[in-house]
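Here's the structure we're looking at; comments come further down.
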Amino acid sequence: MSHVDVTIEGIAVSPGIGIGQACVLSTPDIDTGQGRMLSASVPAAGRHTARNVDAELARIEEAVTQAIADLQALRAQTEARLGANEAAIFDAHRMMLEDPEFRSAIDARIREEGAGAEAAVQNTADQYIALFDAIDDEYLKARAGDVRDIASRLLRLLTSGAQDTAVLPNQVTHPLFGQTILIAEELSPSDTVSLDPVNVAGIATVRGGATSHAAILAKSLGIPAIAGAADLLQQARFEDTVIIDGDAGIAILRPSPETTALYENRQEEQRRILRELESQKGQPSVTLDGCAIELFGNIGSPSDVQAVLENGGEGVGLFRTEFLFMERSRPPTEDEQYDAYRQVAEAFGEKPVTVRTLDAGGDKELPYLDLPTEDNPFLGLRAIRLCLAHPNLFETQIRAILRAGVHGNLRMMLPMINTVDEVRQAKAIIDKVKGDLKRDGVSFCADVPLGIMIETPAAALHADALAEEVEFFSIGTNDLIQYTLACDRGNPDTASLYTPYHPAVLSLISASIQSANRAGIPVGLCGEAASDEKLIPVFLAIGIDSLSMAAGFIPRTRAAIRRSRCEQPEGYIEALLQLPDAAAVEMYLEM
Ligand code: PEP
Ligand code: MG
C-alpha cells in the first residue's frame, strides 16, 4: 500500500520549513486532589493517585531531585544565552527546593495528614505564599512568586508520571532531543523565549496567531511555526516525523520519504536565498527612485543585538523591554535594567535605539505583580496603563533609561497610548525622575527623545493632537489590527479576519503617517506588517520613514525596498483605501 502523508491545515505564524521528531506537550489543569487546580504545561501522561505514605514520599523525593537537576541545566543554558543576571533566578529556586524546612513541611503533610504528594506540595506552597504575601516588604512579597514557580514545577513533574515521554518545555532544549518539533496547546512567551533553535526545528500550537508574542519570539529565534494545529496535537505520537511548513501554515505528519525529500529541497533553496541576501548586506535601503528608508531591528534583550548588527540593521526600532521583566520572581532592579539598556546603546553607538517602556499585561503576564484576573486582558490594565498605575515600577525603568542614555543614542517610547492625558502623565513622571537624578548627582541624558506607539484606532484618529506632544511615532500594527477589527491577535479561529490588508487598518496607518508628516516628526512602523513585502510600497507611498522588524527579516525587506518606488501613480493610495475588503486590497497590491 502506498504511503499517504497526513496533512494538517493550520495558520502560518513563523516562516520557514522545519523537519524533526514530534515532542507532544499538553496543557491540562493539574488536579491536586484537593479540588484545587493549577494550570501548567505538562506532558501528556498519567497522574498518580495512590495514598501510600512511603510511595508518596518517594515520589516527592524523585520530583525534587529531578527539579533540582532541571534548574541546574536551565541555569547553565540561561547564563550562556542571556547572561548571569537572568540566570540567577534559577539559583534562588534551587535553594528554595533544597531548603530543609520547605521540604519537611511537604513531607509532614504526607506523613501526618495522609495527603498525596500533589496536595502536600500545593498546601505547603499555599502556606508559604500566604506568609510572604502578608509581609509588608516588596522583596519578600516577591518570594511568593518563587514559591508559585517551584510548586508548579514540582506539580508538573509529579503529574508527568515516570513515562519515558515525559518532557517539560524547558527540557526540550536538551541536546539529546535533536531536531524536535514541539507540539502544544499553547506556548507562553516565556516558554518560547527559553527554546533553543539549535534543538527545536519547528513549533505547532493549537492556540496563537501570527502576531501573538510567542509567535513574534519564534520569528526572532528563526523557528518555523504554525498555530491552529489541534489535529496534530491529537494525532502525533512521540518521535513521529513531522514537517512544519511555516510559510503555508501546514504540518505534515509521518511524511513519505518523497515528501521529506521535497521539503528538504525547499529548505535548501530557502537557505540559498538567505545566503544570497546576506551577501547584499552592505547595500543601502534606498528605493529605485532614491528614497532612503531606515531599517531597524526589533529586540527583546541585549542578546538579540548581534543578529540585528549581522543583518545590517541601522539601529533598534523597538526594544521590547518587558522580556527583561519575565521569567523572574521580581522586577529587574534599576541597575540590572541600566546594564541591559547601556549594553544595547553602546553596541549601536550613534545609531538610534528605541527603548519601549514596559508593555506588560495582555498575553505578557508578570506573576509577581499579583494583578487581578481580567475578563479581557488586552483591554485591561496593559502597557502604559499598568505603568501609570504602578509609578514606582515606571520610575525605576525611566531612571535606568535616562542613565543609559549617556552611553549612546537612546529614544524612549510609550506603548498603547490612547490620550494626550496619558502622554502628559508620563511626561510629568519623566520630569520628576530627571529632577531626582539631578538632585542625586547621577549622570543622565536629559534630552532622550520621547515617542509613542500608535496601536489603537483612538491614537490613529487623534494623531494630530498626540503629535504635538512627542518627538516621534511608531505604528504598532499587531495591536492596531486587533483593536480595529475587534479580533484577538492570538486566536486561530479568527485568524482569517485578522489582517493588515483591511482598508480600515490601512486608512488608520495612513492617517497616522500623515499626522506625523504634518507635524514634522519621524514615523516608523514596528509591527509584523513592517516586513510584509506587499505592503512596503504602500507604506513608502504614504510617507513612512523607517521600518523595524525581527533581525532575520531585514535582508529580504532591504531587497524589497530596493525593488520598490516611493512615487506611485496619482490616486493610487486613495483608490486602495476605497476598496471594499481585504481580499480586494491584496489583489490590488499584487497587480
Ligand atoms: C505592535 O503592537 O505592533 C507592537 C509592535 O507591539 P507588541 O507586538 O509588542 O504588542
Ligand atoms: Mg503592541
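First residue of the sequence shown? That's 1 in the numbering used here, and the numbers climb one at a time after it.
Even for Gly, the Cβ is constructed at its ideal location relative to N, Cα and C.
Notebook entry, point to check: Over what stretch of residues does the alpha helix (DSSP H) that includes residue 435 continue unbroken?
Noted result: 420-439
Margin query: Restricting to runs no shorter than 4 residues, where is the alpha helix (DSSP H) found entirely within the segment 514-558?
Written below: 536-542
Check: Quick one: does the C-beta of residue 476 sit closer than 6 angstroms to a heavy atom of ligand 2?
Finding: yes
Item checked: Rounded C-alpha distance that separates residue 407 from residue 487 -> 41 angstroms
Margin query: When you compare the CB positions of residue 288 and residue 518, do they come within less than 7 angstroms of one another, or not?
Written below: no
Margin query: Check whether the segment 436-447 and the segment 489-497 touch, using three or more Cβ-Cβ pairs below 8 angstroms as the test.
Written below: no
Margin query: Quick check: the segment 567-577 against the segment 225-238, are at least 3 beta-carbon pairs closer than 8 angstroms?
Written below: no
Note to self: Tell me whether the segment 14-22 and the segment 218-235 touch, counting them as touching only if at least three CB pairs, one residue from each stretch, are closer than 8 angstroms.
What the structure shows: yes
Item checked: Three-state secondary structure (DSSP) of residue 53 -> helix
Check: Is it true that the segment 405-424 meets the segment 347-360, where meeting means three or more beta-carbon pairs spaced less than 8 angstroms apart?
Finding: yes
Margin query: At the level of alpha carbons, what is the spacing between residue 583 and residue 589?
Written below: 10 angstroms
Next item on the list: Return yes when the C-beta of residue 479 is under 6 angstroms from any heavy atom of ligand 2, and no when it is not.
Entry: yes
Note to self: Taking only three categories from DSSP, how would you classify residue 352?
What the structure shows: strand
Margin query: At a cut-off of 6 angstroms, would you count residue 208 as near ligand 4, judging by its Cβ distance to the nearest heavy atom?
Written below: Inclusion of ligand 4 in the displayed structure is not the case, the ligand content consisting of ligand 1 and ligand 2 alone.
Margin query: What would DSSP say about residue 242, mapped onto helix, strand or coil?
Written below: strand
Next item on the list: Can you have a look at residue 1 and say buried or exposed, based on whether 16 or more other CB atoms are within 10 angstroms of its CB?
Entry: In this prediction, residue 1 has a pLDDT of 49, which is less than 50 and means its spatial position is unreliable; nothing more can be read from the coordinates.
Notebook entry, point to check: Can the beta-carbon of residue 302 be found less than 7 angstroms from the beta-carbon of residue 340?
Noted result: yes
Item checked: Distance, residue 417 Cα to residue 423 Cα -> 7 angstroms
Notebook entry, point to check: Can you find a heavy atom of ligand 1 that lies under 6 angstroms from the Cβ of residue 313?
Noted result: no
Item checked: Closest Cα partner of residue 276 within the set 561, 366, 556 and 399 -> 556
Note to self: In chain order, what are the residue ranges of uninterrupted alpha helix (DSSP H) at least 4 long that sit wholly in the segment 444-511?
What the structure shows: 457-461, 463-467 and 477-485
Margin query: Please report the straight-line C-alpha distance between residue 185 and residue 243, rounded to a whole angstrom.
Written below: 18 angstroms
Notebook entry, point to check: alpha helix (DSSP H) containing residue 135: first to last residue?
Noted result: Where residue 135 is concerned, there is no enclosing alpha helix (DSSP H), given that its DSSP letter is neither H nor E.
Next item on the list: Over the uninterrupted beta strand (DSSP E) stretch that includes residue 409, give me the two end residues.
Entry: 409-414
Notebook entry, point to check: Under the three-state reduction of DSSP, which class applies to residue 254: helix, strand or coil?
Noted result: coil
Note to self: Buried or exposed for residue 284, going by 16 or more other Cβ atoms inside 10 Å?
What the structure shows: exposed
Notebook entry, point to check: Should the segment 382-396 be regarded as contacting the segment 427-440, the criterion being three or more beta carbon pairs within less than 8 angstroms?
Noted result: yes
Item checked: Per-residue burial, residue 65 [other beta carbons within 10 Å of its own, 16 or more giving buried] -> exposed
Note to self: ligand 1 and residue 185: does any heavy atom of the ligand fall closer than 6 angstroms to the residue's C-beta?
What the structure shows: no
Notebook entry, point to check: Considering only the beta carbon of each residue, do residue 527 and residue 545 sit closer than 7 angstroms?
Noted result: no
Check: Run through DSSP, which three-state label would residue 376 get?
Finding: coil
Checklist line | Cβ pair residue 153, residue 67 closer than 7 angstroms | finding: yes
Item checked: Collapsed DSSP secondary structure at residue 319 in the structure displayed -> strand
Margin query: Is it the case that the segment 243-258 contacts the segment 528-537, given that we only count it when at least three CB pairs across the two stretches are under 8 angstroms?
Written below: no
Notebook entry, point to check: Regarding residue 528 and ligand 2, is the C-beta to nearest heavy atom distance less than 6 angstroms?
Noted result: no
Margin query: Please report the straight-line C-alpha distance between residue 203 and residue 469, rounded to a whole angstrom.
Written below: 42 angstroms
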